[in-house]
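Some notes on the structure that comes next.
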Amino acid sequence: MNTKKILEAGKIAKQAKEYAKNLIKKDMLLLEIAEKIESKIIKLGGKLAFPVNLSIDNIAAHYTPSYNDKLKAYGLLKVDLGVHIDGFIADTAFSLDLENSEENKKLIEASKKALEVAQKTIKKEIKVNEIGRIIEKTIESQGFSPIINLSGHEMKKYELHAGLTIPNIDNKKRIPLLTGLYAVEPFASTGNGKIHDGKPSGIYMLQLQNQPRSPIAREILQYIIEEYQTLPFCSRWLIKKFNTKALFALRELENNGNLHHFPQLVEKENSKVSQAENTILVEDKTTVTTE
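In the numbering used here, the protein residues as written are 8 to 298.
Structure below.
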């Protein structure tokens with residue numbers, strides 16, 4: 008681990024998060040929001056660890072605007088952003104109520120409070136189910152359900168989801184937290200606490216490097232390998248560079264097994280979901296890198 012680069016990525020992510028909180032207003036185009044946050048991260052000296060996610064109400068995660076997206080910000084909006092410095096990642100998220108809704112505000116507070124309590128408890132050698140139990144109890148004490156099949160995750164160089172998962176419930180797994188970098192992300196819901204796969208998100212990740220048939224697909228595959236390595240990226244970014252012919256190449260690459268295409272993650276009862284997330288560096292002492 009490169010502690011200096013991990014902390015630098017965290018500092019940029021924190022600045023980008025504050026920028027986003029001041030930027031976002033109801034009825035702004037999601038496309039404008041995503042592009043401004045992503046541009047801010049680059050301006051601050053970071054690289055994008057994944058596309059900015061802007062997921063509304065019952066969509067828990069994995070909504071990033073398409074290149075021609077006309078959807079406007081409303082409801083309970085989750086903003087999830089990631090920064091990397093030479094592959095060392097900071098991952099952070101927050102939720103916004105754009106309707107002046109008491110229920111939204113309480114739901115947002117539930118995931119936020121669960122994150123705060125978890126952060127205070129996390130230390131080297133703590134068992135992952137203990138973290139999950141703390142998150143679960145905190146969310147339930149606020150009258151909501153934790154999302155049981157979404158979790159936080161260990162992060163390694165150029166690996167957003169690596170090794171351990173950090174559950175949002177007591178999953179009975181007494182696995183100790185070792186020295187490493189972890190994203191902790193409680194999700195709270197007004198529903199039964201389960202998500203399922205929704206529509207394709209336009210967010211992809213490299214899986215295999217076997218060569219596709221068409222020249223444009225080969226060109227774009229090479230660009231993905233060089234530019235993103237194993238970090239997630241989106242169709243919107245490729246269209247900006249290669250025009251809409253990138254869409255045909257992405258379809259070919261997906262069919263060829265080169266890419267994993269992430270689905271949107273939707274609450275099973277179409278109930279609202281809030282999210283809070285920070286990155287935590289666990290060494291002999293614990294450092295929250297993104298706040």
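By construction, the Cβ of each residue, glycine as well, lies at the ideal position given by its N, Cα and C atoms.
- DSSP, reduced to helix, strand and coil, places N156 outside both helices and strands of the structure shown, so it counts as coil.
- Within the region 166 to 242, complete alpha helix (DSSP H) segments of at least 4 residues are found at 222 to 234, given in chain order.
- Here the alpha carbons of I154 and G170 stand approximately 20 angstroms from one another.
- N265 is the residue among K54, L61 and N265 whose C-alpha sits nearest the C-alpha of L215.
- In this structure, G82 is the residue among L260, V124, T294 and G82 with its C-alpha nearest to the C-alpha of K279.
- In chain order, A68, Y70 and K85 place their CB closer than 6 angstroms to the CB of S62, counting only its own chain and leaving out the 5 sequence neighbours on each side.
- In the structure shown, the three-state DSSP call for G139 is helix.
- Excluding sequence positions up to five before and after H267, its CB lies within less than 7 angstroms of the CB of Y211, M212 and Q214, all in the same chain and listed in chain order.
- Straight-line measurement puts the Cα of E166 at about 20 angstroms from the Cα of N217.
- Non-local C-beta neighbours of L78 in its own chain, meaning closer than 6 angstroms and more than five positions away in sequence, comprise L37, ordered along the chain.
- Taking all protein chains in view, the Cβ of I202 is crowded by 16 or more other Cβ atoms within 10 Å, so the residue is classified as buried.
- Cβ atoms of E45 and L55 come within 8 angstroms of each other, at about 6 angstroms.
- If you compare the alpha carbons of A41, L288 and N29 with that of L185, the shortest gap goes to L288.
- Inclusion of F240 and I227 in the CB contact set at 8 angstroms is not warranted, their separation being larger than that value.
- If you draw a straight line from the Cα of A190 to the Cα of M162, it comes to about 7 angstroms.
- The beta carbon of G198 is closer than 7 angstroms to those of S152, E274, K275, E276 and S278 in its chain, skipping five residues each way along the sequence.
- In its chain, beyond the 5 residues on either side, Y165 have a beta carbon closer than 6 angstroms to the beta carbon of Q236.
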